[in-house]
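Chains as they are written, first to last, in UniProt numbering: chain G, 1 to 300; chain L, 1 to 300.
Listed below in structure tokens is the structure:
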């Protein structure tokens, strides 16, 4: 095994999630290295990727490339909804998803449930360009369990975004059917959810099974992806579900103009990459079509 | 620096090309480790990516994910040409591009110029699923310098594909204007070239400058990308140029049917990802549009 902090390199090793491969970042300094109530939290000053947040040895975000993940996780669902006024974020302790949600003029309120307050505090300190919006007047930040919060807040949200770590550790339950079902009940009619959806190159079976159970809960389910150098294999997907059977995630319902994109300081998202993000390589398309066919025939 | 072969991991470090980051693959055995006349050639038996070819310390291809690169480098230009009969490959010593070119029924001949015969021989031995086509009756394989070959073979090819390593070492001249100009003169009227085009996350300035000089040589120039876990940052681009001003690379001129895709055993390419591969994140789109505007105004 690669020594994770050997010789000034942080190596991301997981024999369960991505056996046999490891992304490494050179670092100058370990800014934080603490065990919170939930996980091992590290913040590194890297040599070429700015400051980086790592949880349980896995890179969550770096200042250099975070925008692609945050923008796609937020703007694809938000531009797919006719009027997203009330938004809930589960996880997302670095604050980047919150920053992006707040760029939408229709927004009236955004609630964030992050279970680990240590992550929020350390990101405020070391990742200020990301964790900049926790005190925004429209933001309601709760350090607590998203499951419990949603049980108490049924049919309240237009969009729910799950910005979680991988399905090992504190976030594992966020990849299960019970969670997707609870999200559905916390959404208003016509509501949309977006969740971190792992990588087609690494976790196609997990993605297929998530698609299968999502289709039993929502009339519209889709899967897209974004590229990001510091995630395993250089990309990550997102699963989108809508309670509105008319939703077509592949074409933005509201199309951002060039002026919108400038005003929102968008660096990754544009309406064309919104659509292109759903176009999968043939091997993944065939695998997910198979999953769709088996769900359809099972429910027929 | 990460020790490249420490503790059973091969780490891809380049302080020039991707400073501060490194992809690592766990390996079971070093199958070959030789200095050829041109470069350091290694073949590793990895734990989870099959056998891998490395040149001068850089991963060129692994059995697990090679198909995305080979298919996109070949089928995007081939399906953009009305009738690709005569094809030239520069580089591509592993044989994967050759394998894909031979899938096209219109093909009458394919010539490959690879400067390093050692790469061909070692790939035949250890990467047989990739290096399977060197003895195909339509293939003419030359161990020699592509520059010299093209100087002797002017206006002969419908499609020329440059499958090179990075612009450091033996392939550096393949990223320069003189090379693109020579390719143009080796193409027939209406001919198309496709060349390895590096990564928008790492080499945007190089890509901009290549686009700029290409536009002084060809009426149509475009840039797309594919995802591949074992290339730096998980993706790589390709530069496409056409001598036919009517070419629109973004829509396949000939659209592969589902039956075509099955017969050709395509695992990454399909007509939709052909088009989607040109849709860039906003930061890269703006940078390349700037480059285009400056070329246009300079030539106006």
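The beta carbon of each residue, even a glycine, is placed where N, CA and C say it ideally should be.
None of the values given here were measured: they were computed from a predicted structure.
Subject >> Where residue 255 (chain G) falls: helix, strand or coil (DSSP) >> reply: Counting from 1 along the first chain, the entry for residue 255 (chain G) is found at position 255. Of the three classes helix, strand and coil, the one that applies to residue 255 (chain G) here is coil, per DSSP.
Original post:
Going along the chain, which unbroken runs of the alpha helix (DSSP H) with 4 or more residues stay wholly within the stretch 164-213 of chain L?
Top reply: Counting only runs of 4 or more, we get 177-186.
Original post:
Taking the C-alpha atoms as reference points, what is the distance between residue 46 (chain G) and residue 85 (chain L)?
Top reply: Position 46 of the first chain, counted from the start, is the residue given in the question as residue 46 (chain G). Position 85 of the second chain, counted from the start, is the residue given in the question as residue 85 (chain L). Rounded to whole angstroms, residue 46 (chain G) to residue 85 (chain L) spans 50 Å at the Cα level.
Original post:
Should residue 77 (chain G) be flagged as near chain L, meaning a C-beta pair shorter than 9 Å?
Top reply: Reading the first chain from its first residue, position 77 is the one you call residue 77 (chain G). Interface criterion not met: the Cβ of residue 77 (chain G) is under 9 Å from no Cβ in chain L.
Original post:
Using the C-alpha atoms, what's the distance from residue 63 (chain L) back to residue 234 (chain G)?
Top reply: Translated into the one-based positions of the first chain, residue 234 (chain G) becomes position 234. Translated into the one-based positions of the second chain, residue 63 (chain L) becomes position 63. Pairing residue 234 (chain G) with residue 63 (chain L), the inter-Cα distance amounts to about 18 Å.
Subject >> According to DSSP, residues forming a beta bridge with residue 89 (chain L) >> reply: On the second chain, position 89 is the one that residue 89 (chain L) refers to. Answer by DSSP bridge pairing, in chain order: L:112 and L:161.
Subject >> Listed by chain order, chain G residues near residue 272 (chain L) by CB distance under 7 Å >> reply: As a position in the second chain, residue 272 (chain L) is number 272, starting the count at 1. Under the 7 Å cutoff, chain G gives 279.
Subject >> Short Cβ contact (9 Å threshold) for residue 231 (chain G) with residue 67 (chain G) >> reply: On the first chain, position 231 is the one that residue 231 (chain G) refers to. On the first chain, position 67 is the one that residue 67 (chain G) refers to. With respect to residue 67 (chain G), residue 231 (chain G) sits apart: the two C-beta atoms are not nearer than 9 Å.
**OP:** Give the DSSP bridge partners of residue 26 (chain G), in chain order.
**Re:** Here residue 26 (chain G) refers to the residue found at position 26 when the first chain is read from its first residue. Paired residue(s): G:9.
Subject >> Closest by C-alpha distance to residue 225 (chain G), when choosing among G:207, G:213 and G:242 >> reply: Start at 1 with the first residue of the first chain, and residue 225 (chain G) comes out as number 225. For the residues G:207, G:213 and G:242, the minimum Cα distance to residue 225 (chain G) belongs to G:207.
Original post:
If you draw a straight line from the alpha carbon of residue 48 (chain L) to that of residue 202 (chain G), how long is it in whole angstroms?
Top reply: As a working note, residue 48 (chain L) is residue 48 in the second chain. As a working note, residue 202 (chain G) is residue 202 in the first chain. Looking at the two C-alpha atoms, the distance is approximately 11 Å.
Original post:
For residue 37 (chain G), which residues from the same chain have a beta carbon less than 8 Å from its beta carbon, with the 5 sequence-adjacent residues on both sides left out?
Top reply: Along the first chain, read from residue 1 onward, the residue named residue 37 (chain G) stands at position 37. Beyond the five residues adjoining it in sequence on each side, residue 37 (chain G) comes within less than 8 Å, by CB distance, of 116 and 118 in the same chain, given in chain order.
**OP:** Find the nearest neighbour of residue 78 (chain G) within the set G:200, G:271 and G:147, judged by alpha-carbon distance.
**Re:** As a first step, residue 78 (chain G) must be located in the first chain, where it is residue number 78. Taking residue 78 (chain G) as reference, the option from G:200, G:271 and G:147 with the minimal CA-CA separation is G:271.
**OP:** Go through its chain and collect everything with a Cβ distance to residue 72 (chain L)'s Cβ below 7 Å, but skip five positions before and after it.
**Re:** Counted from its first residue, the second chain places residue 72 (chain L) at position 72. Once the five neighbours on either side are set aside, the close Cβ partners of residue 72 (chain L) are 226, 238, 268, 269 and 277.
Original post:
Taking Cβ positions, are residue 44 (chain L) and residue 122 (chain L) nearer each other than 9 Å?
Top reply: As a working note, residue 44 (chain L) is residue 44 in the second chain. As a working note, residue 122 (chain L) is residue 122 in the second chain. Cβ atoms of residue 44 (chain L) and residue 122 (chain L): not closer than 9 Å.
Original post:
Name the DSSP beta bridge partners of residue 228 (chain L), please?
Top reply: Along the second chain, read from residue 1 onward, the residue named residue 228 (chain L) stands at position 228. As DSSP reads the structure, residue 228 (chain L) sits in no beta bridge.
**OP:** From the DSSP output, read off the bridge partner residues of residue 238 (chain G).
**Re:** If you number the first chain from 1, residue 238 (chain G) lands on position 238. Paired residue(s): G:196 and G:224.
Original post:
Closest Cβ-Cβ distance between residue 14 (chain L) and chain G: below 9 Å?
Top reply: Looking up residue 14 (chain L) in the second chain gives position 14. Chain G, which has no Cβ nearer than 9 Å to the Cβ of residue 14 (chain L), makes this no.
Original post:
What's the C-alpha gap between residue 145 (chain L) and residue 182 (chain L)?
Top reply: As a first step, residue 145 (chain L) must be located in the second chain, where it is residue number 145. As a first step, residue 182 (chain L) must be located in the second chain, where it is residue number 182. If I take the Cα positions, the gap works out to 13 Å.
**OP:** Assign residue 33 (chain L) to one of three DSSP states: helix, strand, or coil.
**Re:** Translated into the one-based positions of the second chain, residue 33 (chain L) becomes position 33. In this structure, DSSP gives residue 33 (chain L) an extended state, which the three-state scheme calls strand.
Original post:
Of the choices G:75, G:35 and G:174, whose alpha-carbon is the least far from that of residue 102 (chain G)?
Top reply: If you number the first chain from 1, residue 102 (chain G) lands on position 102. Ranking G:75, G:35 and G:174 by Cα distance to residue 102 (chain G) puts G:75 first.
Original post:
With contact counted as at least three CB pairs below 8 Å, one residue from each stretch, are the stretch 153-172 of chain G and the stretch 85-95 of chain G in contact?
Top reply: These segments touch.
Original post:
With burial defined as no fewer than 16 other Cβ atoms inside 10 Å of the residue's Cβ, what is the status of residue 135 (chain L): buried or exposed?
Top reply: Here residue 135 (chain L) is taken as the residue at index 135 of the second chain, counted from 1. The residue is exposed, with fewer than 16 neighbouring Cβ atoms inside 10 Å.
Subject >> Proximal residues, the stretch 36-65 of chain G versus chain L, C-beta separation under 8 Å >> reply: Hits within the stretch, in order: 46, 47, 48, 49 and 65.
Subject >> Local Cβ density within 10 Å of residue 216 (chain L), reported as buried at 16 or more and exposed below that >> reply: Residue numbering aside, residue 216 (chain L) sits at position 216 when the second chain is read from its first letter. Exposed.
**OP:** Pick out whichever of L:178, L:214 and L:236 has its Cα sitting closest to the Cα of residue 199 (chain L).
**Re:** As a first step, residue 199 (chain L) must be located in the second chain, where it is residue number 199. It is L:236 whose Cα lies nearest to the Cα of residue 199 (chain L).
Original post:
Between the C-alpha atoms of residue 2 (chain L) and residue 12 (chain L), what's the straight-line distance to the nearest angstrom?
Top reply: Walking along the second chain from the start, residue 2 (chain L) turns up at place 2. Walking along the second chain from the start, residue 12 (chain L) turns up at place 12. Unreliable positioning characterises residue 2 (chain L) in this predicted model, as indicated by a pLDDT of 48, which lies under 50. The coordinate reading is nonetheless provided below. When rounded, the distance between both Cα atoms is 9 Å.
Subject >> Closer than 9 Å to chain G by CB, residue 73 (chain L) >> reply: By 1-based counting over the second chain, the position of residue 73 (chain L) is 73. It does not; no Cβ of chain G falls within 9 Å.
**OP:** Identify whether residue 126 (chain G) lies in helix, strand or coil by the three-state DSSP scheme.
**Re:** In the first chain, counting from the first residue as 1, residue 126 (chain G) sits at position 126. The three-state secondary structure of residue 126 (chain G), taken from DSSP, is helix.
Original post:
Residue range of the beta strand (DSSP E) that residue 60 (chain L) falls in?
Top reply: Within the second chain, residue 60 (chain L) is the residue found at index 60, counting from 1. From DSSP, the beta strand (DSSP E) with residue 60 (chain L) extends over 58-62.
Original post:
How close, in whole Å, do the beta carbons of residue 253 (chain G) and residue 194 (chain G) come, if the pair is a contact with beta carbons under 8 Å?
Top reply: Residue 253 (chain G) sits at position 253 when you count from the first residue of the first chain. Residue 194 (chain G) sits at position 194 when you count from the first residue of the first chain. Under the criterion of beta carbons closer than 8 Å, residue 253 (chain G) and residue 194 (chain G) do not qualify as touching, at roughly 14 Å.
**OP:** Buried or exposed for residue 166 (chain G), please, with buried defined as at least 16 other CB atoms from any protein chain shown within 10 angstroms of its CB.
**Re:** In the first chain, counting from the first residue as 1, residue 166 (chain G) sits at position 166. Per the 10 Å Cβ criterion, buried.
Original post:
Are the beta-carbon atoms of residue 26 (chain G) and residue 8 (chain G) separated by less than 9 Å?
Top reply: As a position in the first chain, residue 26 (chain G) is number 26, starting the count at 1. As a position in the first chain, residue 8 (chain G) is number 8, starting the count at 1. In this structure, the beta-carbon distance from residue 26 (chain G) to residue 8 (chain G) falls below 9 Å.
Original post:
Nearest-angstrom Cα distance between residue 93 (chain L) and residue 283 (chain G)?
Top reply: Counting from one through the second chain, the residue named residue 93 (chain L) turns up at place 93. Counting from one through the first chain, the residue named residue 283 (chain G) turns up at place 283. Rounded to the nearest angstrom, the two C-alpha atoms are 25 Å apart.
Subject >> DSSP-derived helix/strand/coil call for residue 46 (chain G) >> reply: Taking the first chain and counting its residues from 1, the one referred to as residue 46 (chain G) is at position 46. Shown here, residue 46 (chain G) sits in a strand according to DSSP, grouped into three states.
Subject >> One or two residues paired with residue 40 (chain L) in a DSSP bridge >> reply: Looking up residue 40 (chain L) in the second chain gives position 40. In DSSP, residue 40 (chain L) forms a bridge with L:35.
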